[in-house]
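Chemist:
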Amino acid sequence: MPGRLLPRKFFETRPEWVAPRLLGKLLVQQTDSTAMVGRIVEAEAYLGPHNDPPDPAAHSHRGPTPRNLVLFGLPGHAYVYSIYGKYFCLNISCEIEGQAGCVLLRALEPVSGIEQMAVNRGLPPDLERSEAFLRQLTTGPSRLCLALGVARASHNGLDVTSAGSPLQVRDDGSALTEAMATPRIGINPMNEALEWPLRFAVPGNRFVSGPKNLKGKRVPVP
DNA sequence: GTGATGATCTTCT
DNA sequence: GAAGATCATCACG
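All residue numbers for the first sequence refer to UniProt numbering, where the first residue is 1 and numbers rise by one.
1) Specify the secondary structure class of residue 93 as computed by DSSP and reduced to three states.
2) Kindly indicate the opening and closing residues of the alpha helix (DSSP H) around residue 18.
3) Kindly indicate the opening and closing residues of the beta strand (DSSP E) around residue 62.
4) What are the complete alpha helix (DSSP H) segments, minimum 4 residues, inside the region 145-206?
5) Which of the three DSSP states, helix, strand or coil, is assigned to residue 141?
6) Mind the definition here: the region 202-209 touches the region 57-76 only if three or more C-beta pairs lie below 8 Å; say whether that holds.
7) What's the C-alpha gap between residue 169 and residue 124?
8) Verify whether the separation of the beta carbon atoms of residue 45 and residue 156 is less than 8 Å.
9) In the DSSP output, what is residue 108 paired with across the bridge?
10) Using 8 Å as the Cβ pair cut-off and three pairs as the minimum, do the region 105-122 and the region 28-39 touch?
11) If you reduce the DSSP assignment to three classes, tell me which class residue 70 lands in.
12) If I measure Cβ to Cβ from residue 221 and keep anything under 8 Å in the same chain, skipping five residues before and after, which residues do I get?
13) For residue 25, I'd like the list of residues in its chain whose CB is within less than 6 Å of its CB, leaving aside the five on either flank, ordered along the chain.
14) Would you call residue 303 buried or exposed, if buried means 16 or more other Cβ atoms sit within 10 Å of its Cβ?
15) By the 10 Å Cβ neighbour count, where 16 or more other Cβ atoms means buried, how is residue 127 classified, buried or exposed?
16) Leaving aside the five residues before and after residue 134 along the sequence, list all residues of the same chain whose C-beta is less than 6 Å from its C-beta, in chain order.
17) In terms of residue numbering, what span does the beta strand (DSSP E) encompassing residue 30 cover?
Given below as structure tokens:
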């Protein structure tokens with residue numbers, strides 16, 4: 001198992017700090033026979049309803065519901081929800097209990113378990129592992145869930161800071177000093193939070209999802 | 001390469 | 001009843 005498990009304290013603060021600091025960390029899905037590992041290269045912060053101003057794009061902004069309850073619990077837990085009928089998205093809860101911030105994982109750079117990822121995505125194996133092939137695996141919030149086998153029934157509420165958890169976030173020592181900050185993807189144009197620069201990506205990384213020339217700026221990682 | 005469209009169903013109102 | 005933190009596919013240039 002690569003790197004060290006991230007402690008709960010890592011997630012105990014504001015999502016707009018956690019998101020850029022998650023860049024470069026490893027997302028690990030361990031099943032009985034195989035481990036799948038991807039490096040986080042893109043993440044978005046969603047702010048809790050206690051935030052001023054509130055974040056109208058966040059699932060938690062109207063308070064707890066059966067769906068988003070995990071977000072109001074302890075930090076470092078997986079919030080998995082279904083979207084558009086056929087997909088899932090994976091978030092990690094942030095901030096202290098009762099404050100429902102979170103970070104949406106939007107893209108990974110495949111590291112290992114690539115063969116299994118391709119099977120899970122329903123793609124034919126590519127022994128050459130071309131860049132186009134690798135990019136299809138885990139570039140996009142729902143693609144990475146498919147590749148790692150993350151689903152609501154099996155993963156919602158998992159503690160990603162627990163050594164016994166099949167889903168973990170680990171740190172292999174790669175340090176990032178700067179991140180690219182842009183507006184978040186897929187937010188309704190009516191939403192006033194559209195412009196907030198809460199999407200963070202590894203500058204120049206080829207596995208980042210979304211439009212290529214989205215306006216953004218380099219910011220220091222806190 | 002970019003942009004438009006439909007699929008599909010859960011969740012909350 | 002409507003909207004949605006998406007993706008694959010197709011048309012076009």
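Note that CB positions come from ideal geometry on N, CA and C, so glycine has one too.
Modeler: Taking the coordinates as given:
1) strand
2) 15-22
3) Segment: none, residue 62 is in no beta strand (DSSP E) and carries neither H nor E.
4) 152-155
5) helix
6) no
7) 28 Å
8) Taking 8 Å as the Cβ cut-off, residue 45 and residue 156 do not qualify as a contacting pair.
9) 40
10) yes
11) helix
12) 20, 21, 23, 176, 177, 178, 179
13) 40, 169, 171
14) Residue 303 lies beyond the residue range present for the chain, which begins at 1 and ends at 222; the question has no answer from this structure.
15) exposed
16) Short of 6 Å from the beta carbon of residue 134, and not among the five residues preceding or following it, lie these beta carbons of its own chain, in chain order: 110.
17) Taken as a continuous stretch (DSSP letters only), the beta strand (DSSP E) holding residue 30 covers 26-30.
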